[in-house]
Amino acid sequence: MICYECGHVINKDFAKFCDHCGASQEIKSKKANAKKEMAVKIEDEIDQATNLFLLWNASIAAAFVFYIIHVGTDNYSLLFLLVLLMLVLSWMLLLTKLHDLSVRQHQTARQFMLTNFVAPIIGTFYSFIKLTQK
Ligand SMILES: [Zn+2]
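Following our numbering, the numbering of the sequence shown begins with 6 at its first residue and continues without gaps.
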């Protein structure tokens with residue numbers, strides 16, 4: 006194995022300390038693992054946010070369609086309300102997920118609130134694009 010600190014080649018495979026500089030090898034490997042896990046976690050969160058974003062988009066489209074049907078036929082109001090409820094729910098879930106991502110990217114809560122609630126739908130689109138880009 007190779008020392009995390011100085012790059013010295015250590016003969017033993019699972020040495021706890023480097024025999025060149027004395028740096029502990031356990032802490033560093035834990036840190037490296039934690040970093041890797043963190044990166045995987047963020048990828049997962051971005052994936053989840055993307056799924057919610059697509060669901061939310063579908064709900065907007067469906068709500069729009071059912072609204073037109075509802076206005077045109079003066080019927081199906083229950084279906085329209087159901088789709089509207091789904092839109093609100095998926096929006097709430099998406100905002101929660103985006104908020105997690107914004108915390109990770111050190112965006113302040115105020116910035117997040119401003120983008121999402123001053124211009125609700127456009128702000129959410131903007132937040133999603135901004136927070137999920139790599
Ligand atoms: Zn070393």
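Using N, Cα and C, we set each Cβ at its ideal position, and we do this for glycine too.
{"query": "Meets three-Cβ-pair contact criterion under 8 Å: the region 27 to 38 and the region 82 to 100", "result": "no"}
{"query": "Three-way DSSP call (helix, strand, coil) for Phe-22 in this model", "result": "strand"}
{"query": "Whether Ile-51 touches Thr-137 by CB criterion (7 Å)", "result": "yes"}
{"query": "Exposure of Cys-8, with buried meaning 16 or more beta-carbon neighbours within 10 Å", "result": "buried"}
{"query": "Selected residue, minimal CA-CA separation from Glu-10, among Lys-17, His-25, Ser-132", "result": "His-25"}
{"query": "Proximity of Leu-89 and Ala-68 at Cβ, strictly below 7 Å", "result": "yes"}
{"query": "Short Cβ contact (7 Å threshold) for Leu-59 with Lys-102", "result": "no"}
{"query": "Between the CA atoms of Glu-42 and Tyr-72 - distance to the nearest angstrom", "result": "44 Å"}
{"query": "Completely contained alpha helix (DSSP H) runs for the region 74 to 119, where each covers 4 or more residues", "result": "82 to 109"}
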